[in-house]
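Asker: Residues 12 to 171 in the numbering used here are what the sequence shown lists, from first letter to last. The C-beta atom is built at its ideal place from N, Cα and C for all residues, glycine as well.
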Amino acid sequence: MPPGGTDRGRGCVMSRYFLPGSNPYSFACFSTAGAGVHPVLHRLLSLAPKRTELLALVGENVPVAEEEALRCAGGQMLEVFAQNLPRSYREKGQRLEDLFRMMVEHALDLAHKARFMHEQGPQQADTTRQALITAYVAAQHVIGAQCRAMDLYNSKGTCS
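#1: Here's the rule: buried if 16 or more other CB atoms are within 10 angstroms of the residue's CB, otherwise exposed. What is Gly155?
#2: Using only alpha-carbon positions, find the residue among Ala125, Phe111, Val153 that is nearest to Glu79.
#3: Just the C-alpha distance for Thr139 and Leu56, rounded to the nearest angstrom, thanks.
#4: For Gln48, report the span of its alpha helix (DSSP H) as first-last.
#5: Could you check what DSSP says for Gln94 in three-state terms: helix, strand or coil?
#6: Taking the alpha-carbon of Leu119 as reference, which of Leu163, Leu89, Val148 has the nearest alpha-carbon?
#7: Can you tell me which of Ala146, Gln141, Met161 puts its alpha carbon nearest to the alpha carbon of Leu5?
#8: Using only alpha-carbon positions, find the residue among Ala142, Leu68, Arg62 that is nearest to Glu77.
#9: Roughly how many whole angstroms lie between the Cα atoms of Leu163 and Gln141?
#10: Under DSSP, the alpha helix (DSSP H) around Gly70 begins and ends at which residues?
This is the structure:
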């Protein structure tokens with residue numbers, strides 16, 4: 012069995028971020044995380060601020076884009092970086108996983124920083140607010156990127 016994946020017996024390696032047989036529109040394209048969520052994504056979604064929490068914090072004076080628009084942007088971002096994917100499912104999966112992993116790690120880093128800033132108190136309210144907004148946006152981008160990565164992985168041929 013390859014590191015980080017599961018060999019399904021047909022020479023196909025699934026990413027450790029994308030569960031075998033997962034549907035790109037299952038948990039990731041909705042507001043809540045389901046039972047089939049990879050632990051890293053579950054951690055990100057539980058650590059990043061929720062939309063209601065964010066809106067309560069920033070109020071009406073800061074416009075926050077809708078979740079669907081942010082997720083769409085995340086999918087487009089991943090697609091920009093995933094040009095000329097190989098035809099082999101193994102190579103395509105590895106390339107998509109590497110790109111997706113960078114987005115997840117960046118979003119986790121932002122969410123951790125935002126949560127620790129939030130615990131420091133009101134002395135840095137503006138910085139904390141901005142960090143929470145950034146963490147929320149990054150988490151929504153990751154959700155959209157996961158949906159798009161699954162679409163790209165399951166597509167026939169190459170994406171350019």
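Answerer: Walking through what the data contain:
#1: buried
#2: Val153
#3: 18 Å
#4: What sits at residue 48 in the sequence shown is Val, not Gln. Taken as a continuous stretch (DSSP letters only), Val48 belongs to no alpha helix (DSSP H), as it is neither H nor E.
#5: coil
#6: Val148
#7: Outside the displayed range of the chain (12 to 171) lies residue 5, so it cannot be described from this structure.
#8: Arg62
#9: 32 Å
#10: Premise fails: Gly70 is in no alpha helix (DSSP H) and is neither H nor E.
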